[in-house]
Amino acid sequence: MLTLVCVLKSGGRYDAAWVSRLAYGARRFVPELARVVCLSDCDLQVDGVERIPLCHDWPAWWAKMEAFRAGLFSGTVVLCDLDTVFTGDASALAEPGLAAMEDYFLHGRLSSALMRWSGDELAFLYETFAADPERWMAPGSCGTVPNSVHGDQVVIDHLLRRAGRMPRFLQEVSPGLLDFYDSGKQDQGPIVIFIGDSKPDKAAEPIRSLWLGAALSSSPLPLSH
227 MLTLVCVLKS GGRYDAAWVS RLAYGARRFV PELARVVCLS DCDLQVDGVE
277 RIPLCHDWPA WWAKMEAFRA GLFSGTVVLC DLDTVFTGDA SALAEPGLAA
327 MEDYFLHGRL SSALMRWSGD ELAFLYETFA ADPERWMAPG SCGTVPNSVH
377 GDQVVIDHLL RRAGRMPRFL QEVSPGLLDF YDSGKQDQGP IVIFIGDSKP
427 DKAAEPIRSL WLGAALSSSP LPLSH
């Protein structure tokens, strides 16, 4: 069974509409997808999406660490950022095996924008972080790293390396699956990743219309507010 999980933390620019659009795109282009879950502290009500409450008040991107909590999922799990856009057949995402996106800027470093694992395989990440979150959220907690911003993926990368369990990168495992948004390109995908300030709601066509698919389609996943 394939589960797509995303995280919606209140107080940012994202809301239920982003969850709805991600779920619609994933279901449209990953037919193997059986379950869509959103970990959130919001009163989230999106058809076809199961809400699991966040247990901690970890700020911003640190809330993503809860996606690794034991007992939440079985089978293959894919963690996906809310600003991801599906544009074509992404069935390769459903293949089993530990994998993660390689950081766009930092060669050899993991990005938590897209990660895949099985069941409770990565529960130790949550357990380690939850045991002392203030320590891990502090810059420098992972030693000297090339990342200019200290965030969840720095800690994830560090803990996986420390455990000798670094995943293969999706760009190597499934060449051609990921694409990074470029306003000058018309044909992008099948999974478009947004970096930095670029976001789907400001994207050029046809990416913006594909992102708006939940609002434009008669799918049972309507746009939620």
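The sequence shown begins at 227 in this note's numbering and counts up one residue at a time.
Every residue, glycine too, gets a C-beta built ideally from N, C-alpha and C.
Classified as buried, residue 253 has 16 or more neighbouring CB atoms from the shown chains inside 10 Å of its CB.
The alpha carbon of residue 270 has as its nearest neighbour, out of 390, 350, 243, the alpha carbon of 243.
Per DSSP, the unbroken alpha helix (DSSP H) holding residue 436 starts and ends at 433-437. With contact defined as three or more Cβ pairs closer than 8 Å, the segment 261-275 and the segment 319-337 are not in contact.
Spanning the alpha carbons of residue 258 and residue 286 requires a straight line of approximately 30 Å. In this structure, residue 407 and residue 420 form a Cβ contact; the two beta carbons are roughly 5 Å apart against a cut-off of 8 Å.
The C-alpha of residue 341 is placed about 10 Å away from the C-alpha of residue 231.
Distance from the CA atom of residue 288 to the CA atom of residue 399, rounded to whole angstroms, is 27 Å. Between residue 245 and residue 234, the C-beta gap is smaller than 8 Å, which places the two residues in contact.
Counting of Cβ neighbours within 10 angstroms places residue 296 among the exposed residues, the total staying below 16. The three-state secondary structure of residue 370, taken from DSSP, is coil.
Residues of the same chain with a CB within less than 7 Å of the CB of residue 430, apart from the 5 flanking positions on each side, are 409 in chain order.
Listed in chain order, the non-local C-beta contacts of residue 315 below 7 Å within the same chain comprise 255, 416, local neighbours out to five positions each way being set aside.
Taking 4 residues as the minimum length, the alpha helix (DSSP H) runs contained wholly in the segment 306-377 are 349-357, 359-363, in order along the chain.
The secondary-structure analysis by DSSP pairs residue 304 across a beta bridge with 230, 342. Pairing residue 344 with residue 303 gives a Cβ-Cβ distance under 8 Å. Comparing alpha-carbon positions, the option among 278, 267, 404, 306 lying closest to residue 339 turns out to be 306.
Straight through space, the alpha carbons of residue 248 and residue 350 are spaced by roughly 27 Å.
Per DSSP, the unbroken alpha helix (DSSP H) holding residue 246 starts and ends at 242-255. For residue 399, the enclosing alpha helix (DSSP H) covers residues 396-399.
Nearest C-alpha to residue 250 among 294, 361, 366, 313: 313. Nearest neighbour of residue 237 by Cα position, chosen from 262, 268, 261, 260, turns out to be 268.
CA-to-CA, the gap between residue 383 and residue 310 works out to about 21 Å.
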